[in-house]
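Enquirer: Numbering-wise (our numbering), the sequence shown opens with residue -19 and increments by one.
All residues carry an ideal CB built from backbone N, CA and C; glycine is no exception.
These numbers come from a predicted model, not from an experiment.
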Amino acid sequence: MKPHLTRIMNSAFLLLAGSLLFTACKKGHEGGGTPADNTLSAVLKNHPEMSTLFSAMQRTGMDTMLAHKAEAYTIFVPNNDAFSAAGISTSTINTMNINQLQRLIKYHILQKNMAATQFPISDTVKSMADTLNLFMSLNPNGSFVNGEKIISTDIHADNGSIHVIDGVLLPPTKTLGQIVKETPRFSLVYSALLKSGFMPRVVDRAKFSFFVPDDNAMNASGWNAAKIDASTAQEVTDLLKHHVTITNTFSTDFYDNSYIYSFQAGTRLLINKTPIGLKLDGSTASPSKVITTTRGTTYDVVATNGVLHEIDKVIL
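(1) Are His143 and Ala66 closer than 8 Å when you measure CB to CB?
(2) Roughly how many angstroms lie between the CA atoms of Lys269 and Asp138, to the nearest whole one?
(3) Within the continuous alpha helix (DSSP H) that includes Phe191, where are the two ends?
(4) Unbroken alpha helix (DSSP H) runs of length 4 or more, entirely within the region 25 to 100: which are they?
(5) So, using beta-carbon positions, are Leu84 and Val105 closer together than 8 Å?
(6) Candidates Thr254, Asp146 and Asp292: which alpha carbon is nearest Ile271's?
(7) Going by DSSP in three states, Thr232 sits in which element: helix, strand or coil?
(8) Can you name the start and end residues of the beta strand (DSSP E) that Met108 belongs to?
(9) Identify the continuous beta strand (DSSP E) that holds Tyr279 and give its terminal residues.
(10) Assign Tyr239 to buried or exposed, taking buried as 16 or more other Cβ atoms, counted over all protein chains shown, within 10 Å of its Cβ.
(11) Secondary structure at Phe115, three-state DSSP: helix, strand or coil?
(12) What do you reckon, is the C-beta of Asn74 under 7 Å from a heavy atom of the ligand NAD?
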């Protein structure tokens, strides 16, 4: 065959092959070959155990936000069982105030992609709900957010990650100081806060834990109203510093023979897991037990700046 004829035939073959390839790609794109939607919104929609949260997102229009790939997000998703345990159903969602519902959802979302390998040992991360803090921890008991266990991690989407949790995160509205002030049985601790000048600490935006003895416990230890009045501001401050720690510690972060550091320089609190309690390291006193009557009321009470636990006696 002549060389120029060979070149013509080769060129024709390449043109035909390219045309067939283009046609095949076009048909694949138009005829069901479109790449699957793998945005966060689509992943949530396609997971039946996440249907309650997805219903809430649809009602608020946030499913549209999570369908865009321009931004990355992380969602801590309570599964349907978690919503049921919290008394929240699809019908409840449909009757909730739309602004409150949106705030609830935003409290479960970070405006960045966070993989499980990036979970902090004990720190805060900012949610989308008015930049309220979520309190994360990682310990031998597992990974937690606001004390709720992360039961499944790293469900990937094109615009972020999903981590499944076993409880609903309710956005707090009060600081630790406000909770103490508004709880009648904590009146002596509140008086001590005012006397000490320590109040600014427990209303700061931070990640504290506050172990609060009620009035009966304060009286039993001798810290009654008269003693608080007669003590110096420094003496009362030193008492309170044993009860406030510098990091968020939920009941799920307690395990035997672990420590957390108090505000009192050079002191730390020794943790007891069963029953949950704590005492000053080196003290011969029995642990001050956490009152575990009602989660969210007597212990694991989430504030905007940390977590509060009621205890049965003063830490001395």
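Expert: With the structure as the only source:
(1) no
(2) Whole-angstrom Cα-Cα distance: 46 Å.
(3) Phe191 -> not in any alpha helix (DSSP H); beta strand (DSSP E) instead, spanning Phe188 to Pro193.
(4) 31 to 40, 42 to 45, 60 to 65, 70 to 75 and 78 to 86
(5) No. Outside cutoff.
(6) Asp292
(7) helix
(8) No beta strand (DSSP E) contains Met108, which DSSP labels as neither H nor E.
(9) Looking at the DSSP string, Tyr279 is not in any beta strand (DSSP E), and its letter there is neither H nor E.
(10) exposed
(11) It is a strand residue.
(12) Among the components of this structure there are no ligands whatsoever, and the ligand NAD is therefore not found.
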